[in-house]
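This report concerns only the one structure given below.
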Amino acid sequence: MDQIILQILNGLDKGSAYALIALGLTLIFGTLGVVNFAHGALFMLGAFCTVTLSRILGLSKEVIDETRTDFLGNPLKVDVPYIYDWFGESAGAAIIDWAVPLSILFSIPIMIAIGVAMERGLIKHFYKRPHADQILVTFGLAIVLQEIIKYYFGANQIPAPAPDAFIGSFDFGAAIGMDPGAIIYPYWRIVYFFFAMILIAAVFAFLQFTTFGMVVRAGMADRETVGLLGINIDRRFTIMFGIAAAVAGLAGVMYTPIVSPNYHMGMDFLVISFVVVVVGGMGSLPGAVLAGFVLGILESFASMREVIEFLPGINQVVIYLAAIIILLTRPRGLLGRKGVMED
Amino acid sequence: MSKLNITRRGALKAGAAAGGALALPTYLRADGHAGFTNAPGDSSVTLGFNVPQTGPYADEGADELRAFELAVEHLNGEGDGGMLSTFSSKALDGAGILGRKVEYVTGDTQTKPDAARASARSMIEKDGAIMVSGGSSSGVAVAVQALCQEAGIIFMAGLTHSNDTTGKDKKANGFRHFFNSYMSGAALAPILANNYGTDRKAYHLTADYNWGYTTEEAVRTSTEAMGWETVAAVKTPLAQTDFSSYVAPVLNSGADVLVLNHYGGNMVNSLTSAVQFGLRAAEANGKNFEIIVPLYSRLMAKGAGENVKGIFGSTNWHWSLPDAGSMAFTRSFGTKYGFPPSQAAHTCYVQTLLYADAVTRAGSFNPCAVAEALEDFEFDGLGNGKTLYRGEDHQCFKDVLVVKGKENPDNEFDLLEIVEVTPAAQVTYDASIFGGELGTCNPGA
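The listed protein sequences derive, respectively, from chains A and B. To convert, note that position 171 of the first sequence is 172 in the working numbering; the numbers rise steadily by one, no gaps. To convert, note that position 172 of the second sequence is 230 in the working numbering; the numbers rise steadily by one, no gaps.
Below is the structure:
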């Protein structure tokens, strides 16, 4: 029982990341009709916003410590962050410790700007081109972004830990009346799940309850008619691209304490996110979220030792197997609508 | 006066023969050299350094390349000479190799066997490399070693830790200085017994590829021999990044030790997950729960950050070793680049020196003469104490370092502390246990 609950928690956690990335992909596909293979790179750029802010906060002056030596036997140069001078050592250390949550604020304007620049600078030229062209150009863009990050930050992973207050695990077993220690779950992963829930709710609320959202939804349903009403739908769609980029970026920011970021992390999520979008139903936002969680939970269960022993290799194919079964039984995906991606 | 008769048939035959000769790879042509592939001219000799310049091990590859550049500098008599002054063989004099200036070309393995073979082939056929070295993966090492065997080129392996490189896939033209999974297991087991006792239950998470299997087998064999029980061994996909679903069940499995047979990004991520799930602080079977990483690398320890503290593993070499050779290399490398070398850099530097020394002692670039000079060659002063290049399998036997993530590092490079230097005799094994045939040396041409 405890194993099942653990894997459900794991699945919800993985599903949160899948859902957030797939949500942005669906927003872009639903509004602009573009298959954006650079979306994983936006997730990665979000994570590197955290790395960048950590480095900015950690900008230091060198102080020579004569009592210690470096690896060559010279007096050790100790880095003292400037932030210690400005806010005092304890406050400065606390700010550095909270770099990941602070990156949320730091990354939103940056990711929106990147999204808008990407859409205006490159992707808008491919609206009327076939999907194959869009896939090629966005995939190429993803590789360019990856290589830029690798050039500046290296190929190795860069640790970006959660604040000290969130290090450790929550005794879930004790909380639900089971044996203490039977189910423990890391605090930060719980934070990630709730953060994803809030972000998803915020996107839905924005689309549902604002005039801007109403116009966008109308544009998603019938772009031409909305244009004929005199509404500049293109401008709104550009903003939606920026918002989708910010959602992917925020998913990346909060993911950094879970998996230390490297330049390739976006690609690791990209294929799975596309499967999530297709399984959820092309253009369906609730479908993307639902499929994200369903596939996340399935993947977690397939990684259990008992399952792998029974069906070796299932952990590597379960998502694709589930996608095949769902698409055979529901060709439009879980919540897909008629007329989307259909001639 | 002879008369030149050119017939249509004759012209076609001649054309076909000339075309065939041109199409033949240069290493199979016997022109311009003395019975072996890519014989160098009188003024210079070209070495081929095949390292991952892109892909997940690009940082490790960059460090290997720095070490190769340093080795070439020292061989050509530039810089401070590094380990040339501490190397027990005094054949090298800083005047190149056999009086020829050392030049080099580089290739990108991308940590993909196919790409690595293509870049090695290009360096051999187009650039005339007489020796190929480098790499950061056993899959790549085995593939490039086989190519070098076919081409009649000496392969001086870089970082490759699988038993297979000098086990079932060994080749007469291939030589490995780096240690292997068996040695890691043999060196770690007594330290683990001393620190954690002989009544332990281990849970293995193993990267689902060749290196993972040989490492798991080595650690299982040596820990089970001292009384540990293996509760479970689960293979994890190589592309996995979030290991939560593999780590979460460990605590309730009855195990009290987790062995992470992972390297590179896999190691960083699985260790991070294990620490997040509270395994470091947990108790099981009335004992503290422990984590072990059989193969450590400083570059990866850096990626894992705080999570490595107190965790045991093994490594081929560490810059903090106090012997004269290690100190000379660290000083040389650190002065030139501003940070200490990694174990990958060390093994590549040493392999280049060993090759150059073997050529000099043999008095020939002929790969078979070089191989003979390397076989059963005993040396010292290159950072690992007395070392033997065993002739039976072309594997180096030397002391193995057992290390632990340092609790209170002095600086950003001071991530691992050496716990034990396991003597070579304790990690030496019978060459026949891993099978494979060395075959005969191929001079090419």
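From the three backbone atoms N, C-alpha and C, an ideal C-beta is built for every residue, glycine too.
Do Ser285 of chain A and Thr27 of chain A have their C-beta atoms closer together than 8 Å?
As a first step, residue 285 of chain A is located in the first sequence; it is residue number 284 there, counting from the start. As a first step, residue 27 of chain A is located in the first sequence; it is residue number 26 there, counting from the start. Against a cut-off of 8 Å, the Cβ pair of Thr27 of chain A and Ser285 of chain A comes out as a contact.
Pairing CB atoms from the segment 123-138 of chain B with CB atoms from the segment 397-414 of chain B, are three or more of them under 8 Å?
Here the segment 123-138 of chain B makes contact with the segment 397-414 of chain B; the two share three or more CB pairs at distances below 8 Å.
For Asp100 of chain B, does the count of other Cβ atoms within 10 angstroms reach 16, so buried, or fall short, so exposed?
For the purposes of this step, residue 100 of chain B is taken as residue 42 along the second sequence, with counting starting at 1. Exposed, because fewer than 16 other Cβ atoms sit within 10 Å of the Cβ of Asp100 of chain B.
Just the C-alpha distance for Gly231 of chain A and Leu46 of chain A, rounded to the nearest angstrom, thanks.
The residue you call residue 231 of chain A lines up with position 230 of the first sequence. The residue you call residue 46 of chain A lines up with position 45 of the first sequence. Answer to the nearest angstrom: the Cα atoms are 36 Å apart.
Report the three-state DSSP secondary structure of Gln135 of chain A (helix, strand or coil).
Looking up residue 135 of chain A in the first sequence gives position 134. Three-state DSSP puts Gln135 of chain A in a helix.
Give a yes or no on whether the C-beta atoms belonging to Ile136 of chain A and Val36 of chain A are separated by under 8 Å.
Position 135 of the first sequence, counted from the start, is the residue given in the question as residue 136 of chain A. Position 35 of the first sequence, counted from the start, is the residue given in the question as residue 36 of chain A. Contact flag set, yes.
Return no unless some Cβ of chain B is closer than 8 Å to the Cβ of Gly16 of chain A.
On the first sequence, position 15 is the one that residue 16 of chain A refers to. For Gly16 of chain A, not one C-beta of chain B is nearer than 8 Å to its own C-beta.
Output yes if chain A places a C-beta closer than 8 Å to the C-beta of Thr299 of chain B; else output no.
Taking the second sequence and counting its residues from 1, one reaches residue 299 of chain B at position 241. Output row for Thr299 of chain B: interface = yes.
Anyone know if the C-beta pair for Tyr264 of chain A and Phe167 of chain A falls short of 8 Å?
By 1-based counting over the first sequence, the position of residue 264 of chain A is 263. By 1-based counting over the first sequence, the position of residue 167 of chain A is 166. No, Cβ-Cβ distance for Tyr264 of chain A and Phe167 of chain A is not below 8 Å.
Between Thr70 of chain A and Leu473 of chain B, what straight-line distance do the alpha-carbon atoms span, to the nearest angstrom?
As a position in the first sequence, residue 70 of chain A is number 69, starting the count at 1. As a position in the second sequence, residue 473 of chain B is number 415, starting the count at 1. Rounded to the nearest angstrom, the two C-alpha atoms are 15 Å apart.
Since I believe Gln4 of chain A is in contact with Ser301 of chain A (beta carbons under 8 Å), could you give me their beta-carbon distance rounded to a whole number of angstroms?
In the first sequence, the residue the question calls residue 301 of chain A occupies position 300. In the first sequence, the residue the question calls residue 4 of chain A occupies position 3. With a Cβ gap of about 10 Å, Ser301 of chain A and Gln4 of chain A do not count as contacting.
Give every residue of the same chain whose Cβ lies closer than 7 Å to the Cβ of Val248 of chain A, excluding the five residues on either side of it in the sequence, and list them in chain order.
Within the first sequence, numbered from 1, the residue matching residue 248 of chain A stands at position 247. The residues Leu21, Leu24, Gly25, Leu200 and Val204, in chain order, have a CB closer than 7 Å to that of Val248 of chain A in the same chain once the five nearest residues on each side in sequence are set aside.
Excluding the 5 residues preceding and the 5 following Arg258 of chain B in the sequence, name in chain order all residues of the same chain whose CB lies nearer than 7 Å to its CB.
What you label residue 258 of chain B is simply residue 200 of the second sequence in a count that begins at 1. Scanning its chain for C-beta atoms nearer than 7 Å, with the 5 sequence neighbours on each side dropped, one finds around Arg258 of chain B the residues Trp286, Asp314 and Val315, in chain order.
Is the CB of Tyr304 of chain B under 8 Å away from at least one CB in chain A?
Reading the second sequence from its first residue, position 246 is the one you call residue 304 of chain B. Taking 8 Å as the CB threshold, Tyr304 of chain B lines the interface with chain A.
What are the uninterrupted segments assigned as alpha helix (DSSP H) that are 4 or more residues long and contained completely in the segment 268-295 of chain B, given in chain order?
Qualifying alpha helix (DSSP H) stretches, in chain order: 268-283.
Tell me which same chain residues have a C-beta within less than 8 Å of the C-beta of Ile124 of chain A, skipping the five on either side of it?
Here residue 124 of chain A is taken as the residue at index 123 of the first sequence, counted from 1. Around Ile124 of chain A: Leu33, Val35, Asn37, Gln135, Val138, Thr139 and Phe242.
Return the first residue and the last residue of the beta strand (DSSP E) that Lys367 of chain B is part of.
In the second sequence, residue 367 of chain B corresponds to position 309, counting from 1. Lys367 of chain B -> no beta strand (DSSP E), and no H or E assigned at all.
I want to see whether chain B comes within less than 8 Å of Pro181 of chain A, judged by CB atoms only; does it?
On the first sequence, residue 181 of chain A is found 180 positions in, with the first residue counted as 1. No - not a single Cβ of chain B is within 8 Å of the one on Pro181 of chain A.
To test your reading of the DSSP string, which unbroken beta strand (DSSP E) runs of 3 or more residues are found completely within the segment 62-88 of chain A?
76-82, all fully within the segment 62-88 of chain A.
Flag Ile9 of chain A as yes if its beta-carbon sits less than 8 Å from any beta-carbon of chain B, otherwise no.
Looking up residue 9 of chain A in the first sequence gives position 8. So, not an interface residue.
At the level of alpha carbons, what is the spacing between Val308 of chain B and Gly494 of chain B?
Counting from 1 along the second sequence, the entry for residue 308 of chain B is found at position 250. Counting from 1 along the second sequence, the entry for residue 494 of chain B is found at position 436. Annotation: Val308 of chain B to Gly494 of chain B spans about 36 Å, alpha carbon to alpha carbon.
Which residues of chain E have a Cβ atom closer than 8 Å to the Cβ of Met266 of chain A, listed in chain order?
Absent here is chain E; the protein component of the structure consists of chains A and B.
Rounded C-beta distance between Asn96 of chain B and Gly186 of chain B? I'm assuming under 8 Å.
Reading the second sequence from its first residue, position 38 is the one you call residue 96 of chain B. Reading the second sequence from its first residue, position 128 is the one you call residue 186 of chain B. In this structure Asn96 of chain B is in contact with Gly186 of chain B, their Cβ atoms being roughly 5 Å apart against a cut-off of 8 Å.
What does Lys394 of chain B reach in chain A if we use C-beta pairs closer than 7 Å?
Here residue 394 of chain B refers to the residue found at position 336 of the second sequence. What Lys394 of chain B touches in chain A: nothing, since even the nearest Cβ is about 11 Å away.
Under 8 Å between C-beta atoms, does Gly116 of chain A make it to chain B?
Taking the first sequence and counting its residues from 1, one reaches residue 116 of chain A at position 115. No, because no Cβ of chain B sits closer than 8 Å to the Cβ of Gly116 of chain A.
Runs of beta strand (DSSP E) wholly within the segment 329-398 of chain B (minimum 3 residues, chain order)
Fully enclosed beta strand (DSSP E) runs of 3 or longer: 348-353 and 370-373.
Could you name the residues of chain B that Ile259 of chain A contacts, counting a contact when the two beta carbons are closer than 7 Å?
Position 258 of the first sequence, counting from 1, holds the residue named residue 259 of chain A. Result: Asp300.
Through-space distance from Gly270 of chain B to Ala247 of chain B, alpha-carbon basis
Counted from its first residue, the second sequence places residue 247 of chain B at position 189. Counted from its first residue, the second sequence places residue 270 of chain B at position 212. In this model, Ala247 of chain B and Gly270 of chain B are separated by some 18 Å (Cα to Cα).
Please state whether the Cβ-Cβ distance between Val477 of chain B and Val458 of chain B is less than 8 Å.
The residue you call residue 477 of chain B lines up with position 419 of the second sequence. The residue you call residue 458 of chain B lines up with position 400 of the second sequence. Cβ distance not < 8 Å, so Val477 of chain B and Val458 of chain B don't count as in contact.
Per-residue contacts from Pro398 of chain B into chain A (C-beta, under 9 Å):
In the second sequence, the residue the question calls residue 398 of chain B occupies position 340. Going along chain A in sequence order, the residues near Pro398 of chain B (Cβ under 9 Å) are Phe72 and Leu73.
When burial is assigned at 16 or more other CB atoms within 10 Å of the CB, is Ala414 of chain B buried or exposed?
Reading the second sequence from its first residue, position 356 is the one you call residue 414 of chain B. Looking at its Cβ environment, which holds 16 or more other Cβ atoms inside 10 Å, Ala414 of chain B is buried.
Classification of Gln453 of chain B by the beta-carbon crowding that lies within 10 angstroms, buried from 16 upward:
Your numbering for residue 453 of chain B matches position 395 in the second sequence. Buried is the call here.
Residues near Asp89 of chain B in its chain [Cβ-Cβ closer than 8 Å; skip 5 each side]
Here residue 89 of chain B refers to the residue found at position 31 of the second sequence. Here the model assigns Asp89 of chain B a pLDDT of 40, short of 50, so the residue's position is not dependable and the matter cannot be decided.
Evaluate Thr51 of chain A with the Cβ neighbour count: other Cβ atoms within 10 Å of its Cβ, from every protein chain shown; 16 or more gives buried, anything less gives exposed.
Along the first sequence, one-based indexing puts residue 51 of chain A at 50. The residue in question, Thr51 of chain A, is buried, as its Cβ has 16 or more Cβ neighbours within 10 Å.
What residue from A:Leu335, A:Ile309, A:Tyr188 and A:Leu251 has the CA that sits closest to Tyr304 of chain B's CA?
The sequence position of residue 304 of chain B within the second sequence is 246, counting from 1. Minimum Cα distance to Tyr304 of chain B is reached at A:Ile309.
Would you tell me roughly how many angstroms separate the C-alpha atoms of Gly253 of chain A and Phe270 of chain A, rounded to the nearest one?
Counting from one through the first sequence, the residue named residue 253 of chain A turns up at place 252. Counting from one through the first sequence, the residue named residue 270 of chain A turns up at place 269. Spanning the two alpha carbons is a distance of roughly 11 Å.
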